[in-house]
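Enquirer: Residue 326 is where the sequence shown ends in our numbering, and the numbering goes up by one at each step.
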Amino acid sequence: MATLGIESSAHTFGVGIVERGKVLANAKSMYPITDKGMIPAKVAEHHMSTFAETIERALSDSGLAISEIDAVGYTRGPGLGPCLRVGQLAARAISVKHGMPIFPVNHACAHIEITRHMARLKNPITLYVSGGNSQIVLPEANGYHVLGETLDIGVGNMLDNFARSAGMVPAWGSSVAKAALSGKYLQMPYTVKGMDFAFTGLLTSATKMLGPSKIGDVSHSLQETAFAMLCEAMERALLLSKRRELAVCGGVAQSKRLREMLSIMSRSHSVKFGFAEDQYNSDNGAMIAYVAELLHSAGAEFGLEECTIDQKYRIDEVDARWR
Ligand code: FE2
């Protein structure tokens, strides 16, 4: 029983193939990010021009023919509407043409579940950090509870935005991380409210400091402050939830420094800490296929009319009936 999953919520068009939890393929085609950031219509155009080739590549990597695929999943949301639409249409076309069941998947849920699976964790409290999202998620029976989240922008968008203002190439958080290696700490605004946090004040201050201060110092201070805020909120949530496992997932989970800080915090409470390989933290189709397979195994069924997109699909609305 093999399942094909399509991810298209942002800059990546990803197609993964999973069979009983084993990833057979994880093909991707990524829209090149420029200093202008992401224009949804342009990214959707990229996805339209690449979807057939990416599906073919995933099938070829898996060694399976489309006739050997039993089910298809796609990202229902959250994400950019025009981009989500391309993945939804591709999945619906496959489902109708090949007469296979179709499963709409929540993007955040897919990041969390593939991380739990790959890091061999049972039920970790999870920090989900990406461009558009930053949330502390507590997985529970049949669903997820959001304990804390950003009050304005995602930490990934904040880092990307700063990288663009600083003229870094590529304009991503990884460039900020590189610049941060040589810096010393400067005082920055720090906003944690209970288990929630906010990043725009920090971004504005860091951007203003770019002129008078060294770029390495500002990058270092921005990154340390943002990650310390996430760690503080996460530590509070960990103690409240009494979970014995902690995970981090999403695009920003590729940051070695964030993982190091979370690992130190987890160790201080004798809590097991885990994360997935980078190919599952950046957007990918395998995680969508994985959750579609979980839904299929749990006996879920969706009519085509239920296979919509939802740009603001929250993880606390997910019916996780396999849990
Ligand atoms: Fe993502």
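Each residue gets a CB set at the ideal place from its N, CA and C atoms; glycine is no exception.
What are the boundary residues of the alpha helix (DSSP H) that M171 is part of?
Expert: Counting along the chain, M171 falls outside any alpha helix (DSSP H), and DSSP gives it neither H nor E.
Enquirer: Determine the contact status of R167 and P142, defining contact as a CB-CB distance below 9 Å.
Expert: Result no, Cβ atoms of R167 and P142 do not sit closer than 9 Å.
Enquirer: On a Cα-Cα basis, can you pick out the residue from M212, A68, S52 that is closest to A93?
Expert: Considering only alpha carbons, the answer is S52.
Enquirer: Less than 8 Å between the CB of G254 and some heavy atom of the ligand FE2, yes or no?
Expert: Indeed, a heavy atom of the ligand FE2 lies less than 8 Å from the Cβ.
Enquirer: For A13, verify whether its CB is less than 8 Å away from any heavy atom of the ligand FE2.
Expert: For the ligand FE2, at least one heavy atom lies less than 8 Å from the Cβ of A13.
Enquirer: Return the first residue and the last residue of the alpha helix (DSSP H) that M290 is part of.
Expert: From DSSP, the alpha helix (DSSP H) with M290 extends over 288 to 300.
Enquirer: Taking Cβ to Cβ, would you say S133 is nearer than 9 Å to H148?
Expert: The answer is no: Cβ separation not under 9 Å.
Enquirer: Let me make sure I understand the geometry here. Which of I312, V89, R123 has the alpha-carbon closest to that of K45?
Expert: The shortest Cα separation from K45 among I312, V89, R123 belongs to V89.
Enquirer: Tell me, which residues are paired with L249 by DSSP?
Expert: Paired residue(s): I128, F276.
Enquirer: To the nearest angstrom, report how far apart M41 and D163 are at their CA atoms.
Expert: So the alpha carbons of these two residues sit roughly 11 Å apart.
Enquirer: Could you check the C-alpha separation between A201 and I36 for me, to the nearest Å?
Expert: If I take the Cα positions, the gap works out to 25 Å.
Enquirer: Could you spell out where the beta strand (DSSP E) holding T203 opens and where it closes?
Expert: Unbroken run through T203 is the alpha helix (DSSP H), 203 to 212; no beta strand (DSSP E).
Enquirer: Does the beta carbon of D286 fall short of 8 Å from some heavy atom of the ligand ADP?
Expert: Only the ligand FE2 can be found as ligands here, which leaves the ligand ADP out of the picture.
Enquirer: Is there contact here, the segment 287 to 298 with the segment 59 to 78, by at least three beta-carbon pairs under 8 Å?
Expert: Output reads yes: the segment 59 to 78 touches the segment 287 to 298.
Enquirer: Taking F230 as part of the alpha helix (DSSP H), name the residues at either end of that continuous run.
Expert: Element bounds for F230: 218 to 244.
Enquirer: Excluding sequence positions up to five away, which residues of its chain have a Cβ less than 7 Å from the Cβ of A122?
Expert: Excluding sequence neighbours, A122 sits near A250, G277, F278, A279.
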